[in-house]
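Residue numbers (this note's numbering): 4 to 257.
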């Protein structure tokens, strides 16, 4: 796989799946646009990416729930590179909340996990049509599987919506030669659980429990998800669109 002269935009690139995906794309000679809220972490990721092929990534600090920040992502990308070939909608978060917790958690999660994806994809579409590019959305098995040990209702809803978004946009853009796919990880060893409000100790304990529950005896690693994302963005996946790709060590089977 070779992404030389291809421009890849990755949201949530400062850690976890986004950072691993950025590093893998950099090894394939991609020109990267790294988007996130933590500029220090973005710079660390960018430095690692630059060592691969000597191509300096563009860093865009953005709060995706802010429309102006989302618009700025595309504006800076086009100003710097003049094109977009791949959009990886990876940024997202969850928080422990159920139906008794009111509408605020729902609004907050949907603003980032779904509304921002819709807006950024809409703004990037004209450029993706020109390049015959593609989109990879990072969803979750929570889109179609209830998380039984945590109240994550708004998060589950946001990912179910994202999967339907993937399918609908895939149909709409197919005539333009633009592919759209989804990657749906199961439990993945990232800072996601801590970002949702758990301590590192609680997070580590949760992963130990999840390891034992998985048919393959382990949770997913960020690098494994990155492998799938880069494959789907490559020409090797040229006949794949509108597809939901589960990577979960068999989690949805039990």
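From the three backbone atoms N, C-alpha and C, an ideal C-beta is built for every residue, glycine too.
*Within its chain, find whatever has a CB closer than 7 angstroms to the CB of residue 44; leave out the 5 residues flanking it on each side and keep chain order.*
One-based indexing of the chain shown puts residue 44 at position 41. Taken in chain order, the residues that qualify are 17, 18.
*asked:* Relative to the C-alpha of residue 215, which candidate in 148, 72, 254 has its C-alpha closest?
replied: Your numbering for residue 215 matches position 212 in the chain shown. Residue nearest to residue 215 within the set 148, 72, 254 is 254 (criterion: CA-CA distance).
*Determine the burial state of residue 37: buried for a count of at least 16 other Cβ atoms within 10 Å of its Cβ, exposed for fewer.*
Translated into the one-based positions of the chain shown, residue 37 becomes position 34. The residue is buried, with at least 16 neighbouring Cβ atoms inside 10 Å.
*Are residue 262 and residue 95 closer than 8 angstroms when you measure CB to CB?*
Not covered by the structure: residue 262. The range shown for the chain is 4 to 257.
_Which complete beta strand (DSSP E) runs does the segment 19–107 hold, if anything under 3 residues is left out?_
With a minimum length of 3 residues, the continuous beta strand (DSSP E) runs that stay inside the segment 19–107 are 34–39, 61–64, 89–92.
*residue 243 by DSSP, collapsed to three states: which one?*
For the purposes of this step, residue 243 is taken as the residue at position 240 of the chain shown. In the three-state scheme derived from DSSP, where H, G and I count as helix and E and B as strand, residue 243 is classed as coil.
*Would a C-beta distance cut-off of 8 angstroms place residue 139 and residue 190 closer than the cut-off?*
In the chain shown, the residue the question calls residue 139 occupies position 136. In the chain shown, the residue the question calls residue 190 occupies position 187. For the pair residue 139 and residue 190, the CB atoms are not nearer than the 8 angstroms cut-off.
*How many Å lie between residue 15 and residue 93 at the Cα?*
Counted from its first residue, the chain shown places residue 15 at position 12. Counted from its first residue, the chain shown places residue 93 at position 90. Just so you know, the alpha carbons of residue 15 and residue 93 end up roughly 6 angstroms apart.
*Is it true that the CB of residue 187 sits closer than 8 angstroms to the CB of residue 249?*
Taking the chain shown and counting its residues from 1, one reaches residue 249 at position 246. Taking the chain shown and counting its residues from 1, one reaches residue 187 at position 184. Going by C-beta atoms, residue 249 is nearer than 8 angstroms to residue 187.
*Residue ranges of each alpha helix (DSSP H) run of no fewer than 4 residues wholly in the segment 152–193, ordered along the chain?*
156–177, all fully within the segment 152–193.
*Excluding five sequence neighbours on each side, which residues of the same chain lie with their C-beta closer than 8 angstroms to the C-beta of residue 101?*
By 1-based counting over the chain shown, the position of residue 101 is 98. Excluding the 5 residues flanking it on each side, residue 101 has same chain C-beta neighbours closer than 8 angstroms at 154, 156, in chain order.
*Would you mind working out which of 245, 86, 27 sits nearest residue 1, comparing C-alpha positions?*
Residue numbering for the chain in the displayed model covers 4 to 257; residue 1 lies beyond these limits and cannot be assessed.
*On the three-state DSSP scale, how would you describe residue 8?*
By one-based count along the chain shown, residue 8 stands at place 5. Note: residue 8 maps to coil in three-state DSSP.
*Option nearest residue 146 by Cα separation, candidates 170, 244, 163*: One-based indexing of the chain shown puts residue 146 at position 143. Nearest option by C-alpha distance: 163.
*asked:* I'd like to check one pair, residue 10 with residue 29: are the Cβ atoms closer than 8 angstroms?
replied: Start at 1 with the first residue of the chain shown, and residue 29 comes out as number 26. Start at 1 with the first residue of the chain shown, and residue 10 comes out as number 7. Not a contact, by the Cβ cut-off of 8 angstroms.
*asked:* Considering only the alpha carbon of each residue, which of 119, 46, 74, 65 lies closest to residue 59?
replied: As a position in the chain shown, residue 59 is number 56, starting the count at 1. Checked all of 119, 46, 74, 65; the closest Cα to residue 59 is 46.
*Would residue 207 be called buried (16 or more neighbouring beta carbons within 10 Å of its own) or exposed?*
Here residue 207 is taken as the residue at index 204 of the chain shown, counted from 1. Exposed: under 16 other Cβ atoms inside 10 Å.
*asked:* Out of 121, 21, 148, which one is the CA nearest neighbour of residue 39?
replied: Position 36 of the chain shown, counted from the start, is the residue given in the question as residue 39. For the residues 121, 21, 148, the minimum Cα distance to residue 39 belongs to 21.
*Mapping DSSP to helix, strand and coil, what is residue 252?*
One-based indexing of the chain shown puts residue 252 at position 249. DSSP places residue 252 in coil when its eight states are reduced to three.
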